[in-house]
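Q: Residues in the sequence shown are numbered from 1 upward in steps of one, following the UniProt record's numbering. All residues carry an ideal CB built from backbone N, CA and C; glycine is no exception. Dumping the structure here so I can ask a few things about it.
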Amino acid sequence: MDTQTWDALVASMKNAYTADLAQGRAPRPVIMPLVRGELVGLVWLRPAETGEDAMTAIVELSNVAAAAGADEVVLAWDTENVAAECGLPVVGPAPCLNLVHATKDGHVLHQLPCTHQPVKSTPEGSTSEGSTSEVPDAVEPLWLSAPAPQPGGELAPPIQAALTYSFTPLDLDHPSPFGVTVLLMEDDGYAVHLTDTFAL
Numbered sequence: 001m002d003t004q005t006w007d008a009l010v011a012s013m014k015n016a017y018t019a020d021l022a023q024g025r026a027p028r029p030v031i032m033p034l035v036r037g038e039l040v041g042l043v044w045l046r047p048a049e050t051g052e053d054a055m056t057a058i059v060e061l062s063n064v065a066a067a068a069g070a071d072e073v074v075l076a077w078d079t080e081n082v083a084a085e086c087g088l089p090v091v092g093p094a095p096c097l098n099l100v101h102a103t104k105d106g107h108v109l110h111q112l113p114c115t116h117q118p119v120k121s122t123p124e125g126s127t128s129e130g131s132t133s134e135v136p137d138a139v140e141p142l143w144l145s146a147p148a149p150q151p152g153g154e155l156a157p158p159i160q161a162a163l164t165y166s167f168t169p170l171d172l173d174h175p176s177p178f179g180v181t182v183l184l185m186e187d188d189g190y191a192v193h194l195t196d197t198f199a200l
């Protein structure tokens with residue numbers, strides 16, 4: 001992956017993270033598979049129950065990457081959200097947007113720590129339409145200085161498993177394994193946005 005693509009993915013994830021927090025939502029994990037440097041698309045986690053179901057759902061993010069024959073993946077998640085949803089201890093800075101860039105040969109963890117502060121309301125607390133703009137629990141990230149990228153950095157078990165399975169070919173007896181995988185993922189509640197190159 002070239003630097004321009006990486007920078008674009010990081011900027012996109014920071015924007016999505018900020019938008020989720022502004023809506024009072026916890027940012028959901030998202031995987032971005034790439035084939036020969038081309039982004040396949042983005043797959044956001046389905047709604048999941050806390051515990052085993054959340055861990056399974058995170059691991060299943062790998063399905064589209066595996067079906068596409070991805071040679072690189074980027075997975076983004078919030079430290080506190082994944083720990084809380086999976087019932088795991090918080091490892092590393094929190095709150096923190098994490099991005100891991102992985103190939104079948106290994107991974108590099110990039111951490112973007114932040115603090116959450118209340119969203120500044122617009123003048124007189126209203127939007128241009130005149131309705132109130134305040135969302136309960138709405139916060140915005142104040143990005144802190146990021147530590148150096150960590151080759152082989154420690155990952156939560158479901159994140160590590162998702163990376164491993166991203167490079168494990170799916171054994172699907174179907175004429176279009178990629179297409180059927182995308183449709184099955186969408187049916188399960190994952191939000192799948194494919195780029196034009198890989199659109200079904």
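Residue ranges of each beta strand (DSSP E) run of no fewer than 3 residues wholly in the region 143-188, ordered along the chain?
A: Runs of the beta strand (DSSP E) inside the region 143-188: none found.
Q: In this structure, what does DSSP give as the bridge partners for residue 98?
A: 77, 111
Q: Between which two residues does the beta strand (DSSP E) containing residue 35 stretch?
A: Note, residue 35: beta strand (DSSP E), 30-35.
Q: Under DSSP, the beta strand (DSSP E) around residue 191 begins and ends at which residues?
A: Unbroken beta strand (DSSP E) run through residue 191: 191-194.
Q: So, at 6 Å on beta carbons, what are the nonlocal neighbours of residue 129 in its own chain, with the 5 sequence-adjacent residues on each side left out?
A: For residue 129, the pLDDT reaches just 45, beneath the cut-off of 50, and the residue's location in the model is therefore unreliable, although a value from the coordinates is still provided. Nothing meets the Cβ criterion.
Q: Do residue 190 and residue 46 have their C-beta atoms within less than 8 Å of each other?
A: yes
Q: Does DSSP classify residue 82 as helix, strand or coil?
A: helix
Q: Tell me the DSSP secondary structure of residue 127 in three-state form.
A: Caution applies to residue 127, whose pLDDT of 45 falls short of 50 and renders its modelled position unreliable; the model cannot decide the point.
Q: Taking Cβ positions, are residue 112 and residue 97 nearer each other than 8 Å?
A: yes
Q: Is residue 52 helix, strand or coil when you go by DSSP?
A: helix
Q: Could you pull the start and end residues of the beta strand (DSSP E) that residue 43 belongs to?
A: 41-44
Q: Below 8 Å between beta carbons: does that hold for residue 13 and residue 76?
A: yes
Q: Ignore the nearest five residues each way along the sequence and tell me which others in residue 108's own chain have a CB closer than 6 Å to its CB.
A: 101, 149, 151
Q: Could you tell me the distance, in whole angstroms, from the CA atom of residue 196 to the CA atom of residue 167?
A: 22 Å
Q: Can you tell me which of 72, 138, 144 puts its alpha carbon nearest to the alpha carbon of residue 94?
A: 144
Q: Are residue 40 and residue 194 touching if we call contact CB-CB under 8 Å?
A: yes
Q: Is the CB-CB distance between residue 192 and residue 186 below 8 Å?
A: Going by beta carbons, residue 192 and residue 186 fall inside the 8 Å limit.
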